[in-house]
Amino acid sequence: MVKMNEQIGNMADILANEQFLQSELPQSKKAPWRWRGPWQDVAITDLEPDDGLLVTHVNQTSGLLRTEGKRALANDNQTSEEWLTNHSLEHQRLTLHHLLTHSRIVTNKDETDVKHLELRLDIIDKFESRLHEMTNLYHQRMEWLMEGSRKMFGLVKGSRVGLLIDSSAANCGLGRLQDFQTALLCLLDEQLCYRKQLYFLSFGSDLSTPWETPRNVNIRTLDEARQWVQDLQPSGSCNLLKAMKRIVKVRKLNALLIILGTCPDQTAEILADYMQQCMLGRYLPIQAVAYDCSHYMTHATLRALAEVSGGRYHSYFTGHQTQRCWSSDIEALRKELQQASDVLEKVQEMRQGLMGDTLSEVMEEISTEVAKIPPTRFLPQPPNHDGPLCIETSSFLPKTSADWLRQNGLKAKKLSLYQVLAPNAFSPLEEFVPILRKTVSSTLHGKAMMQLEWHDGTVKNVHVDPPLLYEYQKQLGRAMSRFERRADWLSTSSRRMWGNVCEKRVMILVDTSLYNSLHIIHIQHSLRLLLEQQMTNKESFNLIAFGSEVNQYQPRMVLVTPEKLQAAWRWALTLQCKGSRNLLGALRAVIENDLSEQWDPCGMYLLTSGVPDQGMDMVCSYVAEICGGRDLQLHVCLFSLGHGKLSGTVPARYASPRDTACTLRELAQSGRGRFHWFQETGIIESDDIRLILAEMEKAANYSQKCAVLVESLRRRTVKQSQGPPVSGDSLKMLVKRENRCPQKLLVPKPTALTLARMQAREESGEETSSAVRALTWRPSSGKAVIPPAHSDKKWIHTSVENHTKQNKMAKVSKSMFYTEDGNKVGAVYQKYPKMKSMRKTIPFVYLPKEEEICSTSLWLQKFGIKKLRLDLHKLISGLDCVHKKQLVRTIHKRVSAKYCAAIPRVEINGVVKHLQLHLHELEEYIEQMERVLCRYLQRLQWLLSGSRRLFGTILEKRVCILLDTSGSTDPYLPALKKELTSLIWEQLRKNSHSFNLLCFAERVDTWRDCLVEATHETCHDAVQWASGAIAHGNTCTLEALQKAFQFLDVQGIYLLTDGKPDTSCSLILKETQQMNQGRGIKIHTISFNCIDSTANEFLKKLAVQTRGRFHRCHGDADGQLAAHKMLAGGFSDEDDPNLPAFEGDDLKRLSGEINKARQFLTQAKSFRHLLLEKQMKPDQTVPGT
9 MVKMNEQIGN
19 MADILANEQF
29 LQSELPQSKK
39 APWRWRGPWQ
49 DVAITDLEPD
59 DGLLVTHVNQ
69 TSGLLRTEGK
79 RALANDNQTS
89 EEWLTNHSLE
99 HQRLTLHHLL
109 THSRIVTNKD
119 ETDVKHLELR
129 LDIIDKFESR
139 LHEMTNLYHQ
149 RMEWLMEGSR
159 KMFGLVKGSR
169 VGLLIDSSAA
179 NCGLGRLQDF
189 QTALLCLLDE
199 QLCYRKQLYF
209 LSFGSDLSTP
219 WETPRNVNIR
229 TLDEARQWVQ
239 DLQPSGSCNL
249 LKAMKRIVKV
259 RKLNALLIIL
269 GTCPDQTAEI
279 LADYMQQCML
289 GRYLPIQAVA
299 YDCSHYMTHA
309 TLRALAEVSG
319 GRYHSYFTGH
329 QTQRCWSSDI
339 EALRKELQQA
349 SDVLEKVQEM
359 RQGLMGDTLS
369 EVMEEISTEV
379 AKIPPTRFLP
389 QPPNHDGPLC
399 IETSSFLPKT
409 SADWLRQNGL
419 KAKKLSLYQV
429 LAPNAFSPLE
439 EFVPILRKTV
449 SSTLHGKAMM
459 QLEWHDGTVK
469 NVHVDPPLLY
479 EYQKQLGRAM
489 SRFERRADWL
499 STSSRRMWGN
509 VCEKRVMILV
519 DTSLYNSLHI
529 IHIQHSLRLL
539 LEQQMTNKES
549 FNLIAFGSEV
559 NQYQPRMVLV
569 TPEKLQAAWR
579 WALTLQCKGS
589 RNLLGALRAV
599 IENDLSEQWD
609 PCGMYLLTSG
619 VPDQGMDMVC
629 SYVAEICGGR
639 DLQLHVCLFS
649 LGHGKLSGTV
659 PARYASPRDT
669 ACTLRELAQS
679 GRGRFHWFQE
689 TGIIESDDIR
699 LILAEMEKAA
709 NYSQKCAVLV
719 ESLRRRTVKQ
729 SQGPPVSGDS
739 LKMLVKRENR
749 CPQKLLVPKP
759 TALTLARMQA
769 REESGEETSS
779 AVRALTWRPS
789 SGKAVIPPAH
799 SDKKWIHTSV
809 ENHTKQNKMA
819 KVSKSMFYTE
829 DGNKVGAVYQ
839 KYPKMKSMRK
849 TIPFVYLPKE
859 EEICSTSLWL
869 QKFGIKKLRL
879 DLHKLISGLD
889 CVHKKQLVRT
899 IHKRVSAKYC
909 AAIPRVEING
919 VVKHLQLHLH
929 ELEEYIEQME
939 RVLCRYLQRL
949 QWLLSGSRRL
959 FGTILEKRVC
969 ILLDTSGSTD
979 PYLPALKKEL
989 TSLIWEQLRK
999 NSHSFNLLCF
1009 AERVDTWRDC
1019 LVEATHETCH
1029 DAVQWASGAI
1039 AHGNTCTLEA
1049 LQKAFQFLDV
1059 QGIYLLTDGK
1069 PDTSCSLILK
1079 ETQQMNQGRG
1089 IKIHTISFNC
1099 IDSTANEFLK
1109 KLAVQTRGRF
1119 HRCHGDADGQ
1129 LAAHKMLAGG
1139 FSDEDDPNLP
1149 AFEGDDLKRL
1159 SGEINKARQF
1169 LTQAKSFRHL
1179 LLEKQMKPDQ
1189 TVPGT
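Going by the working numbering, the first residue of the sequence shown is number 9, and it counts up by one from there.
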């Protein structure tokens, strides 16, 4: 009986499909049933209620009734916006404004000036009843939208629909394919079968479609579509742009459904721009669906496509135990529900003013009370938000990614490429041959083995074993899978918002400022997930909420028990957002109450959405102080609010999202913690995930190098098997011939005789002059071979210059035409040579605020006075500016022109010139030059601050620091150690990739045998090693330089010394030049408390020889004071204060540019005074005339 009911229901569906009947049944003009009149529906009003026993001869009545209900549901194909046009509160007249239209204004007898509104109780009851009915209707509509395929893909619109289905390996792999196919089949059976035409296209690396054009919907089409869906296979990456280029060529579609399950290959901007260009003059709305994907780029791309095309957006996600969806249709209904709840709240408040059978309320008071209602009351809440926690028990102790990689990384598992190839890798052999008087390297291993660059920069000969490398690549693949599972695990559940909570003792700091009012539900839900999933294996915890005031769950940390976690959740439900972000007060409360006398390991997790009220320098310093002497870390979780902001609420301190992230990232680094940045659509940045991705990139790099080695071995084997044997001599000849480049001869310069012959050849049919015939005459015996022309560099240079000058000459073009008088020709000039303006304008100067890590010479090439075009002498100089005198013979003397008295004259470099700059131009120049001077002085202060005062600026990424610890440095060694510590943390840790330290006195002591990566641990070790240095002995500078040159990957050497070396200076210069030949290593010399002019000259020569820089910290205090005085007091005097005479290259060049700018500024002010006096003279002579 059950099977019969199913068959009857399917037959009813087929009969209800009018398109199937039109497309499948044959139509004949002579069919007799065509002559009948059309069928008419008969409305029967006296039907008995269906009790399940009413049966016709075709099928059961209950099945027909179910079919009719299903058909009515399918025909209800309206979006929420279309549906709300007839069912919104405004259309149903259920807003507060419509309610107040039924009231009347009355005046009390006792209070003549007070007016009230009077409403009958039955009107309010009827209004409230209708509001409840509409609320229930909205809930039913939302439940209908969250059923079946509408929950997964939303409500599909359009009669001719095109589907773009993501079949990439990320979406259809890892056990997702079967669920995805089931969902597509459900969509096909529930919604797509009612469309007129369908077109399917799957995209990955390649495209796949069952049909070339859209097909009409019938049984055969649906069967083919189902079979095509069941045959879907993963296909590489996600090339959405390629699929969009294909689908826009299909012109019969009126709706497009895009289903994405992973991040596309192209960015959202590229896809949105392309779709916007293709939609010009065409309306094709896109319904963008994110299927079970939490990547924020996927959601951003789909939102952009839906917005550009005027379509809708839908998101469906399946969690561990729940399924969630969000769509534009549901959001519109939620807004209408929130408006209905708002009206109901106001009606309830109006009921409180009930007196007898009437309700009196003043309209102004209603508006005031409504405005006071907090918007958080109407925020949507997740299911069971206020219910008790569902605590999960963790079976393992979580670890940070850094700790996890120490046990499961490539190096820990001995899967580094260099670890695998080390047994079969050999260094090239080099020996000195006395007969040849040079070092010769062995070539046997180079021919028999493959060459590979090692991690330290050296090249080694490697024996390639293909089976070993194949097995190694398999192990790399398994490691990649393990890393992917770790990354997926870190981006799910509460770890998506809080990261991985690893410590045993945890403090949770939550930002409850007023700026987060609209997101308090998200904050509470994040706390709920954290308490449920990551707190069960902890020892103790506490919660602190901070706005302007600090609110603690308990005065001190409490033990983790289920009862304490439930109580903490009930406390979190009472949180309210108010005030600003007093982060410093929250940190002080943590230290003073919870951690004042406890030194056990502890982790603080800060959840915030912006920068704190206090300055970041103060907060970072306080965090570094409290975390420095104990095992305490501060981890920062940044919640990005997106575009939804509370209107009218401005935080105490505001920063852009990128600046906020940079600021809080520095705060996490100060607290030795991790940084985590997320938003509603997914994770934006995470330190834990970043380490995993870096390890994955390293594994991919190793796999690629293995493939290159195997491919190189295969090619070499093929060449050796195909090539015939050749002798050694012939092989050398072949190599020489291959390396020999054919010399290209330049075209010889044509002589007058050659030009005449060429002209005679062109004009062979015409009569030529006697001069030309004389030039073209050749004797009968002129058969000698002309030798090839030698290249004349001078002639080539001259011809190039002439060609360049000809190109720079302005060209004049004209257009020819016939006139009306006969065949006369006229001409009109179209292009005239442009006259070059000799007047120069004052440019606007832009200088960046951030300091660039580079030398002063390179910095001035970008921002020097010449580059900024602020050279005052060049602005005044020009063809019309030179003041000239001419000789007048009648009076026998040189006299200036008459107009010279009207134009001010100034002297520039000994030449008198006219000042043709206007007053406003000089004012603009003075303003720009003052801005430039301020920036130069800021750069000078930066160069004289921190470790740059003594060591200068470290430019290279791989450096070696050489410290002179001879006996003469004993008085200054403690200060030198402090400066070295500052250098390690301030410059080497932040800006360098790897470094090493050398101390030299009687002998050379090295910190490490090679350059070491600048990490937190290595910097600590370097500081400890440097603190043990002792001053003694002589100065072996040459041995220290030789030791530094042994590091093959070093790029820069920084030599700090306080005097002359023990050996000859010329010998050091000569040996350094030989060691540096072909390597290009720069040696930067630093003079430390050295007053010996000979030693300083040697350091300057050594720096110049290697293209390095010389630095000396003499005069740093005077320079700081002078720069501060100029910035504070202005630039009124050119000579006061004076900058000291710096000797270091960077400081000397910058101070010279500052003095030049001050000179130009003083001259510009004097020129301005001259123009003002010139303008005042006519005004002063007027009364006397």
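For glycine and all other residues, C-beta sits at the position ideal for the given N, C-alpha and C.
At a Cβ-Cβ threshold of 7 Å, Val1012 and Lys1051 count as neighbours. Ile255 is not bridged by DSSP to any residue. Leaving aside the five residues that flank Leu209 on each side, the residues in its chain whose CB is nearer than 8 Å to its CB run, in chain order, Gly170, Leu171, Leu172, Ile173, Leu215, Ser216, Thr217, Ala251, Arg254 and Ile255.
Rounded to whole angstroms, Ile131 and Leu265 show a C-alpha spacing of 47 Å. Contact check for Leu945 and Met1134: beta-carbon distance about 6 Å, within the 8 Å limit, so the pair qualifies. In this structure, the beta-carbon distance from Ser990 to Glu1021 does not fall below 7 Å. In this structure, Leu429 sits near Val470, with a CB-CB distance shorter than 7 Å. Fewer than three Cβ pairs drawn from the stretch 969-978 and the stretch 1071-1083 lie within less than 8 Å of each other, which leaves the two stretches out of contact. If you draw a straight line from the Cα of Ser678 to the Cα of Val631, it comes to about 6 Å.
In the DSSP annotation of this structure, the continuous segment of the alpha helix (DSSP H) that includes Cys180 starts and ends at Ala177 to Cys180.
The beta-carbon distance between Val718 and Pro474, rounded to whole angstroms, is 6 Å. This is short enough to meet the 8 Å contact definition.
In this structure, the alpha-carbon of Arg359 lies about 57 Å from that of Arg680. Cys1007 sits in a strand when the DSSP states are folded into three classes. The alpha-carbon separation between His110 and Thr93 amounts to approximately 24 Å.
Taking C-beta atoms as the reference points, Gly555 and Gly587 count as a pair closer than 7 Å. Ser588 sits in coil when the DSSP states are folded into three classes, being neither helix nor strand. Contact between Arg311 and Ser335 does not hold, since their C-beta atoms are separated by about 12 Å, which reaches or exceeds 8 Å. Under a 10 Å Cβ-count criterion, Phe852 is classified as exposed, with fewer than 16 other Cβ atoms of the shown protein chains found around its own Cβ. Cβ neighbours of Tyr980 within its own chain (closer than 8 Å, five residues either side excluded): Asp1066, Phe1096 and Asn1097. Listed in chain order, the alpha helix (DSSP H) elements of length 4 or more contained wholly in the stretch 849-897 are 864-871 and 880-884.
Within the same chain, and ignoring the five residues on either side of Arg203 in sequence, the residues whose Cβ sits closer than 6 Å to its Cβ are Ser167, Val169 and Val225. Inside the stretch 496-562, DSSP marks whole beta strand (DSSP E) runs of 3 or more residues at positions 513-519, 548-554 and 558-560, from first to last along the chain. CA-CA distance, Ala410 to Leu345, rounds to 47 Å.
A direct Cα-to-Cα measurement between Tyr304 and Ser534 gives close to 18 Å.
As the crow flies, the alpha-carbon of Ile599 is around 39 Å from that of Arg947.
Residue pairing for Met612: DSSP places it in a beta bridge opposite Met515 and Leu642.
Counting other Cβ atoms within 10 Å of its Cβ, Glu155 stays below 16 and is therefore classed as exposed. Taking the Cα positions, Cys510 is about 22 Å away from Thr1023. By the criterion of a C-beta distance shorter than 8 Å, Pro665 is surrounded in its chain by Ser648, once the five residues flanking it on both sides are discounted. Taking C-beta separations shorter than 7 Å and ignoring five residues to either side along the sequence, the partners of Pro396 in its chain run Gln574, following chain order. In this structure, DSSP gives Glu932 a helical state, which the three-state scheme calls helix.
Secondary structure of Asn226 (DSSP, three-state): coil. Residue Glu964 holds the alpha-carbon nearest to the alpha-carbon of Lys998 among Lys706, Glu703, Glu964 and Cys1007. Between His1092 and Gly1116 the beta-carbon gap is near 4 Å, inside 8 Å, which marks them as a contact. In the DSSP assignment, Phe440 falls within the beta strand (DSSP E) that extends over Glu438 to Val441. Counting only residues of its own chain and dropping the five nearest sequence neighbours on each side, Leu196 has a CB closer than 8 Å to the CB of Leu230, Ala233, Arg234 and Val237.
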